[in-house]
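Enquirer: Just so you know, the protein sequences line up as chains A and B, in that order. Heads up, the first sequence is in the numbering used here, so the first residue is 84 and it goes up one at a time. Heads up, the second sequence is in the numbering used here, so the first residue is 3 and it goes up one at a time. Glycine is no exception: its CB is placed at the ideal position from the N, C-alpha and C atoms.
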Amino acid sequence: MLRKLTEIVTRFPKATITMALIATVFFAMQFPKMKIDTDPENMLEQTQADRIFYDKVKKEFGINDLLVVGIVDENGIFNPDTLRRIAKITDDILKIKGVIIEDVVSLRTSDNVTQDAATLVVKRFMEEVPKDQKEIEGLKSAVYGNSFFVDKIISQDGKAASIYIPIEKKDQSYRISKEIETILKKELTSKQKYYLAGLPVAEDTFGHEMFVQMGITAPLAGFFIMILLFLIFRTGIAVIPPMLDAMLSVIWTMGLLIGLGFTVHIMSSMIPIFLMPIALLDDIHILSGFFDRYPSIKDKRKTIIATMKDLYRPMFFTSVTSAVGFGSLALADIPPVRIFGLFVAFGIMAAWLFTNTIVPAIVMLMNEEKLTAFLEKRQKKTSSLDKILKAFGRFSFYRSKAILFASLIILIIGIIGIYQIRINDNPVKWFKPSHKIRIGDDVMNKFFGGTYMAYLVAEGDKEDTIKRPQVLSYIDKLQNHLEDLKIVGKTSSAADIVKRINYVLHDESKAFDVVPKTQAEAGQYLFLFSMTGDPNDLDNFLDYNSQKANIWIQMKGGDNTQMRQVERSSYNFMKDNPPPKDIAIRWSGLTYINKVWQNLMVWGMLKAVLGSFVIVFLLMVLEFRSLRLGIISMLPLSIAIISSYGFVGLAGKDYDMPIAVCSALSLGMAIDFAIHYLQRFKASYREFRDIEAVNTFMAGEPYRAIMGNAIVISLGFLPLITSTLTPYVTVGTFFALLMLFSTLATLILLPAIMRLWGESLFKREVSR
Amino acid sequence: MRAIKTFFVVSLFLLTSLCQGLSFAKDEFSANDIITRSRLAFYYAGDDEKARVTMELINKAGQKRIRELTMLRKDYEEGGEQKYFSYFHQPSDVKDTTFMAYKYPDRDDDRWLFIPAINLVKRIAANDKYSSFVGSDFTYEDVSGRKPEEDIHTLLRKEKLGEKSCFVIESIPKGSSEYTKRISWIDETNFLPLKEEFYDKQKELYRQFEAQEIKDINGIMTITKRLMRNVKTGHRTEVTFETVEYNVGIGDDIFSERYLRRPPLEWIR
């Protein structure tokens, strides 16, 4: 059937190309509809329990997205000039549309409750900017006297102040952060530094960088691959068919994704970069075979038909196995990963279609004279690469036993390495350490109580449960326990507010810096608090019926391992000190959510890898019609994957989102080499009927094609290393590594196996 | 002092005009006159007042908090000094909490709160321009009034609000304030504010006041249902004056620390 197709497209090459291009224009027309999604919450299903709970927490406690401005003055901020600047900056920030004025927390806008000669004074810390030393001392003692705000709006050492800016809608954060930056630049001198942090800023920056990746890195990778192709084939005409194939499949895939209304997430933004090198793999085999045969056949159409005939099966199976590898991601519980997998699978099959249509059509349009001239020149010299390949073929063939032994050793080391793997991720670390966001994050975590937010929600069984003294003091104790952990910077809750009012009402006596003994007291203190500021001051910590309390946990690090450690510690505390019977305590917050989806990711990926391993294995058994060959074909990639992950473990690199994704797709990619090798081996065994002769033949054109592929894939991902986003860097590096391992495994291990067992494996082929 | 003098002149002028049976053509009211008269009609009705008030604080999700209180007010000077006493019936855990405020024409209020759980009377000093009244959308200023001379008033137009003819006045604060602009719809016949819009520092509407029910109580037009809505947060407060009585003869002694601790039962029932 495919042979018919080849005959048709080679007869009507121009019509074939035109039709493909028209379809491509249709897909390209979808591009302007592109919507970017950088919300890490979307890593979880809308219906996932922790996400639903987090949404509820945000709604019930009126938690908005937050931008945080940090202002650092190495000489200290407590001088009239710096304070005046901070006040002016805050005033100007309040004027930015989209900022929730009454919820801005800062020296300028937050109320302090203190005691002054039998009067309860509620005053903003900096209603007026202090003018002299005496007023500055007054401000200092006010701020440092209220532990609720220390480490929050002012650093312990007085060198940094911060402004917390809640915004109405997340999609405005880019504009608002730009306006804030303009204000900061205008008002600050070179003596002060400013830092912008907060999830919305990170997300926006990430979205922007993603566009850069797609707009710059992907074409860069394309250009790089073009050069590689040129170096492999040493002619410009060989570059066009694979490049066109790669471009068209990227446009089709992205066009379909956007056209179907999916958002472009961090994962799907990687599609072009993944698809490009994969798309042109089969084309390299076609071109390589075509150039080898043309000088003897001397007819383009006959040559291409003859070349394609041998390649239909391996090309189909390599495409299907790669597609299955990516498609297996559809088993993951993480929607962006699922979409990524399915669409790359689509892209691979689209590329396979182009390999069978566009590529032969373009070959038909090549200038015959130039082609002949080029190939004549090429035939005369044996390239040094060929010599190396030949040596390579001999080495692996004659050292078969040593190779098998070495493989076993590598396998064992790999497994040991895998045991060292540390599962961990942190979306802020998706930016390189030198990135503005990372620097800001580091500085803010150095000066303040931590920028990574998690929540502990205590839910009572009826109204006013939280006001019960037992409940409040339990919350207080839990907070004390958590604050003893090094990673926890600061915690805040309704218990802190009640304690503060108790303390202030009792003439700031230390003995009353505790949770009051009766519910009436707690209720009346909270009532008093509600009379002093905004109606929603309390909302972040206590729900409307006082049935639920939200404890804010600010952490200095957002690694999943750190979150897990805090979570575990809280559970241990709750086990040793059981909470009052009428409350249930549950974790939430973004840092926690990140931990949740990362956990899903790890197990989802494992499931996907095992699933695709089985499917690929069955496909191989089907393809070779032999159980033993099926097993053998899986060997090189098993060794490659195990040693790659062993390497990750031994190198101490965290097993994070990008690494997890690589695992599923490496399978579909690594099998390609084995398929091509074994198919070619089988075909030539039929011809030569002698294992050694086959090996010598294999070390020629087939090795060249396989090596060409390995080079294109591993080096094709290389431009990713220049990216400002670490997931791209990780994927690029890891893929290069994996391709290296699987090429070596294929070209060394398989010949060794063939020498030992080849004859018995292919006996049936010959007797047929 | 000057401000008070001017104020007196204005009030006198207004009183005279009132005596003349409103024979003035309404067109001749200046924006300042209207605001001044509105303040008197709204905050200084009668010589004293006793009211049972229910406040419903409703958040965006529709959850409610109830504040039920008895409010006593006594005026010492028309447009000038006033004293307030409030006793809270609800919510149950603040029952017996009392609150007292002395309002002065030329300086910040004095306020006291009695916290029954610890039997403590505390004076409170807080900025009434932005601090919330018992957690509602009303600020202290909304509850007890703002001096006319703190804003520059302009009569924008006259228009009908429903059936009622209104003056529409724009007020821009002279000093710093929570709002940057206030637009008031003031009933031409009784000078009660029917609607007010408050604009924030971003020049956007954030709070909106509405008089929802007006009753004639012993000849005094009184807003018995009012609503303050924060359009930005979705939070709103509905206030109902269940029973209102004017000129009931509240004694001066009620407004004292003694009664804060021991609410005058005959008045708060």
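(1) Provide the residue(s) that pair with F245/B in DSSP beta bridges, ordered along the chain.
(2) Apart from the five residues on each side of it in sequence, which residues of its chain come closer than 7 Å, Cβ to Cβ, to D665/A?
(3) Leaving out five residues before and five after I185/B in sequence, what residues of the same chain have Cβ atoms less than 6 Å from its Cβ?
(4) P302/A lies in the beta strand (DSSP E); which residues open and close that run?
(5) Within its chain, find whatever has a CB closer than 6 Å to the CB of H564/A; leave out the 5 residues flanking it on each side and keep chain order.
(6) Report the three-state DSSP secondary structure of Q275/A (helix, strand or coil).
(7) Within 7 Å of any Cβ in chain A, is that where the Cβ of A33/B sits?
(8) Going along chain A in order, which residues have a C-beta closer than 7 Å to the C-beta of L115/B?
(9) Less than 7 Å between CB atoms is the rule here; does E546/A satisfy it with respect to chain B?
(10) Taking only three categories from DSSP, how would you classify S575/A?
(11) Check whether chain B comes within 7 Å of L358/A, counting only Cβ atoms and requiring the distance to be less than that.
(12) Would you please state the rounded distance, in angstroms, between the beta carbons of G424/A and G410/A? I believe it to be under 8 Å.
(13) Count the other CB atoms within 10 Å of the CB of P325/A; is the residue buried (16 or more) or exposed (fewer)?
(14) Tell me whether G543/A sits in a helix, a strand or coil according to DSSP, three-state version.
(15) Please state whether the Cβ-Cβ distance between T534/A and A835/A is less than 7 Å.
(16) Label L150/A either buried or exposed according to how many other C-beta atoms from any shown protein chain fall within 10 Å of its C-beta, with 16 as the threshold for buried.
(17) Please report the distance separating the alpha-carbon of R505/A from that of M527/A.
(18) Rounded to a whole number of angstroms, what is the C-alpha to C-alpha distance between P118/B and K124/B?
(19) Taking the alpha carbon of T130/A as the reference point, which residue from W680/A, L733/A, A788/A and M717/A has its own alpha carbon closest?
(20) Any idea if S825/A is buried or exposed, counting beta-carbon neighbours within 10 angstroms, 16 or more meaning buried?
(21) If distances are taken between C-alpha atoms only, which option among I499/A, L303/A and K453/A comes closest to F374/A?
(22) Just list the residues that DSSP pairs D148/A with in beta bridges.
(23) Should R228/B be flagged as near chain A, meaning a C-beta pair shorter than 7 Å?
(24) Let me know the secondary structure DSSP gives P93/B once reduced to three states.
(25) Report yes if the CB atom of F531/A is closer than 7 Å to the CB atom of D234/A, and no otherwise.
(26) Quickly, what does DSSP pair S613/A with across the bridge? List them, please.
(27) Can you tell me whether T265/A is buried or exposed? The criterion is at least 16 other CB atoms within 10 Å of its CB, across all chains shown.
(28) Short of 6 Å in beta carbon distance, which residues of its chain neighbour S189/A, apart from the five on each side in sequence? Order them along the chain.
(29) In or out: H291/A buried (at least 16 other Cβ within 10 Å) or exposed?
(30) With 16 other CB atoms within 10 Å as the buried threshold, where does T89/A fall?
(31) Decide yes or no for the touch test of the region 788-804 of chain A against the region 429-445 of chain A: beta carbon pairs closer than 8 Å, at least 3 of them.
(32) Name the two residues that bound the continuous beta strand (DSSP E) containing Q198/A.
(33) Give me the Cα-Cα distance between I225/B and R159/B, rounded to the nearest whole angstrom.
(34) Residue ranges of each alpha helix (DSSP H) run of no fewer than 4 residues wholly in the region 593-649 of chain A, ordered along the chain?
(35) Which whole-angstrom value is the C-beta distance of V96/B and F90/B, which I expect to be below 8 Å?
(36) Does any CB atom of chain B fall closer than 7 Å to the CB of V205/A?
Expert: In this structure, then:
(1) Counting from 1 along the second sequence, the entry for residue 245/B is found at position 243. The sequence given here has Thr at residue 245/B, not Phe. Per DSSP, R54/B.
(2) For this step, residue 665/A is matched to residue 582 along the first sequence. G543, D544 and T548, listed in sequence order.
(3) Position 183 of the second sequence, counted from the first residue, corresponds to residue 185/B. Same-chain partners within the cutoff: E172 and E199.
(4) Working through the first sequence from its first residue, we reach residue 302/A at position 219. Not the beta strand (DSSP E): P302/A falls in the alpha helix (DSSP H), residues A301 to F316.
(5) Here residue 564/A refers to the residue found at position 481 when the first sequence is read from its first residue. Cβ within range, chain order: F656.
(6) On the first sequence, position 192 is the one that residue 275/A refers to. In this structure, Q275/A counts as strand in the three-state DSSP scheme.
(7) Taking the second sequence and counting its residues from 1, one reaches residue 33/B at position 31. Closer than 7 Å: no.
(8) One-based indexing of the second sequence puts residue 115/B at position 113. Those are L611, listed as they occur along chain A.
(9) Residue mapping note: residue 546/A aligns to position 463 of the first sequence, counting from 1. Chain B, which has no Cβ nearer than 7 Å to the Cβ of E546/A, makes this no.
(10) Here residue 575/A refers to the residue found at position 492 of the first sequence. Reduced to three states, the DSSP call for S575/A is strand.
(11) For the purposes of this step, residue 358/A is taken as residue 275 along the first sequence, with counting starting at 1. Closer than 7 Å: no.
(12) Indexing the first sequence from 1 puts residue 424/A at position 341. Indexing the first sequence from 1 puts residue 410/A at position 327. Indeed they touch by this definition, with Cβ atoms about 6 Å apart.
(13) Residue mapping note: residue 325/A aligns to position 242 of the first sequence, counting from 1. Looking at its Cβ environment, which holds 16 or more other Cβ atoms inside 10 Å, P325/A is buried.
(14) Translated into the one-based positions of the first sequence, residue 543/A becomes position 460. G543/A: strand per DSSP, three-state reduction.
(15) Indexing the first sequence from 1 puts residue 534/A at position 451. Indexing the first sequence from 1 puts residue 835/A at position 752. For T534/A and A835/A, no; Cβs fall outside 7 Å.
(16) By 1-based counting over the first sequence, the position of residue 150/A is 67. Counting Cβ neighbours within 10 Å, L150/A comes out buried, since at least 16 surround it.
(17) By one-based count along the first sequence, residue 505/A stands at place 422. By one-based count along the first sequence, residue 527/A stands at place 444. For R505/A and M527/A, the distance between alpha carbons rounds to 27 Å.
(18) Locating residue 118/B in the second sequence gives position 116, counting from the first residue. Locating residue 124/B in the second sequence gives position 122, counting from the first residue. About 11 Å.
(19) Numbered from its first residue, the first sequence carries residue 130/A at position 47. That would be W680/A, whose Cα lies nearest to the Cα of T130/A.
(20) Counting from one through the first sequence, the residue named residue 825/A turns up at place 742. It is buried - the Cβ of S825/A has at least 16 other Cβ atoms within 10 Å.
(21) Position 291 of the first sequence holds residue 374/A. Checked all of I499/A, L303/A and K453/A; the closest Cα to F374/A is K453/A.
(22) As a first step, residue 148/A must be located in the first sequence, where it is residue number 65. DSSP output for D148/A lists I250/A as bridge partner(s).
(23) By 1-based counting over the second sequence, the position of residue 228/B is 226. For R228/B, the answer is no, since every Cβ of chain A falls outside 7 Å of its Cβ.
(24) For this step, residue 93/B is matched to residue 91 along the second sequence. Here P93/B sits in coil by DSSP.
(25) Locating residue 531/A in the first sequence gives position 448, where the first residue counts as 1. Locating residue 234/A in the first sequence gives position 151, where the first residue counts as 1. Yes; because the gap between Cβ atoms is below 7 Å, this pair is in contact.
(26) Translated into positions along the first sequence, residue 613/A becomes position 530. Beta-bridge pairing links S613/A to no other residue.
(27) Looking up residue 265/A in the first sequence gives position 182. T265/A should be labelled exposed.
(28) The residue you call residue 189/A lines up with position 106 of the first sequence. Answer for S189/A: T173, I236 and I246, listed in chain order.
(29) Residue mapping note: residue 291/A aligns to position 208 of the first sequence, counting from 1. Answer is exposed; the Cβ neighbour count stays below 16.
(30) Here the question's residue 89/A lines up with position 6 in the first sequence. By the neighbour-count rule (16 or more Cβ atoms within 10 Å), T89/A is buried.
(31) no
(32) Counting from one through the first sequence, the residue named residue 198/A turns up at place 115. Element bounds for Q198/A: D194 to D199.
(33) One-based indexing of the second sequence puts residue 225/B at position 223. One-based indexing of the second sequence puts residue 159/B at position 157. Taking the straight line joining both Cα atoms gives about 23 Å.
(34) 602-615
(35) Here residue 96/B refers to the residue found at position 94 of the second sequence. Here residue 90/B refers to the residue found at position 88 of the second sequence. 5 Å between Cβ atoms; contact.
(36) Here residue 205/A refers to the residue found at position 122 when the first sequence is read from its first residue. Yes, V205/A lies at the interface with chain B (some Cβ there is under 7 Å from its Cβ).
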